[in-house]
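If you're matching positions, the sequence shown starts at 1 in this note's numbering and goes up one per residue. No residue lacks a Cβ here, since even glycine has one placed at the ideal position from N, Cα and C.
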Amino acid sequence: MVQNHEIEKRPRGRPQIRCDDDTRSVIIEAANRQFHENGYAAASIAAIAQEAGVSTKTLYRLFPTKADLFSEMIIERTDRFLMSVDPGTLAVADLRQGLERMLMAYGMLTLSLDTITMTRLVISESDRFPEIANTFYEKAIVRTNRLMEDWLRRQIDRGLIALDDPHAACGMLRGMMIMEPQRAAMLRQEQPPKIDAIAARAKMCADLFLKGCAL
1 MVQNHEIEKR
11 PRGRPQIRCD
21 DDTRSVIIEA
31 ANRQFHENGY
41 AAASIAAIAQ
51 EAGVSTKTLY
61 RLFPTKADLF
71 SEMIIERTDR
81 FLMSVDPGTL
91 AVADLRQGLE
101 RMLMAYGMLT
111 LSLDTITMTR
121 LVISESDRFP
131 EIANTFYEKA
141 IVRTNRLMED
151 WLRRQIDRGL
161 IALDDPHAAC
171 GMLRGMMIME
181 PQRAAMLRQE
191 QPPKIDAIAA
201 RAKMCADLFL
211 KGCAL
């Protein structure tokens, strides 16, 4: 009880005025650090609230459960990828430029230390907390795959590529881009690749893919 009282204690003076959207972002960043440092099970709502500088009452108002907080954290990171792969820009890019841009953004998301650490967490705790595996799969993997698959289908409609099964081809393309470097990093055999290495891999994967399906 004493610990909770200390966590809830606010500094003197006029309280900082912050909109809910900004508060949500601060809480999500604090949760991300707590999950990375302590894992999902051990990360406490009180510690997340303390690190974010908010009351637990405020945190529960914005995120009723820890599962809700984890879900919003995954959605926010996936949204960054969706924003970086601007559909308007891709629509006017030529085939190779569009593919390289999309693969580069996907590599920056999935090969980052943040994502690799979170993937380790999900795998290690998914037996106890299947909800976080479901969230990670639906909010991250399915959403990114949908954007990339939709782009491939548009290129088919434009008559630029030929694919019998765009869904399967998208999975192969994603695996070719990230599987080996991500696996090496997750097993701590190599450091996550830097931006130059990701860009070079995106170009190589685009070359190989287009040689197989370009008309």
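task = Return the CA-CA distance between glutamine 3 and glycine 98, expressed in angstroms with no decimal places.
result = Bear in mind that a pLDDT of 42 at glutamine 3, under 50, signals an unreliable position, so the number given afterwards is only what the model happens to contain. It is roughly 53 Å from the alpha-carbon of glutamine 3 to the alpha-carbon of glycine 98.
ask   = Is the Cβ-Cβ distance between leucine 152 and alanine 169 less than 8 Å?
value = In contact: leucine 152 and alanine 169 (Cβ atoms closer than 8 Å).
key: Whole-angstrom distance between methionine 102 and alanine 200, CA atom to CA atom   = Straight-line Cα distance between these residues: approximately 13 Å.
task = Go ahead and label arginine 174 buried or exposed: buried means 16 or more other beta carbons lie within 10 angstroms of its beta carbon, across all protein chains shown.
result = It is buried - the Cβ of arginine 174 has at least 16 other Cβ atoms within 10 Å.
request  = May I have the straight-line CA-CA distance separating arginine 128 from tyrosine 40, to the nearest angstrom?
outcome  = So the alpha carbons of these two residues sit roughly 10 Å apart.
query = Using CA coordinates, which residue listed in Met176, Thr58, Thr78 and Gly88 is at the minimum distance from aspartate 22?
reply = A check of alpha carbon separations from aspartate 22 across Met176, Thr58, Thr78 and Gly88 identifies Thr58 as the nearest.
Beta-carbon contacts of isoleucine 7 that lie in its chain and below 6 Å, excluding the five residues immediately before and after = Reliability fails at isoleucine 7, whose pLDDT of 40 lies under 50, so the model's placement of it is uncertain and no value is given.
query = Buried or exposed: which applies to threonine 110, given that a residue is buried once 16 or more other Cβ atoms fall within 10 Å of its Cβ?
reply = By the neighbour-count definition (other C-beta atoms within 10 Å, threshold 16), threonine 110 is a buried residue.
key: For isoleucine 28 and methionine 73, the rounded distance between their alpha carbons   = Methionine 73 and isoleucine 28: Cα-Cα distance of roughly 6 Å.
request  = Can you tell me the Cβ-Cβ gap for phenylalanine 70 and isoleucine 132, rounded? I've got them flagged as a contact below 8 Å.
outcome  = With a Cβ gap of about 6 Å, phenylalanine 70 and isoleucine 132 count as contacting.
ask   = Going along the chain, which unbroken runs of the beta strand (DSSP E) with 3 or more residues stay wholly within the stretch 79–140?
value = The stretch 79–140 contains no whole beta strand (DSSP E) run of 3 or more residues.
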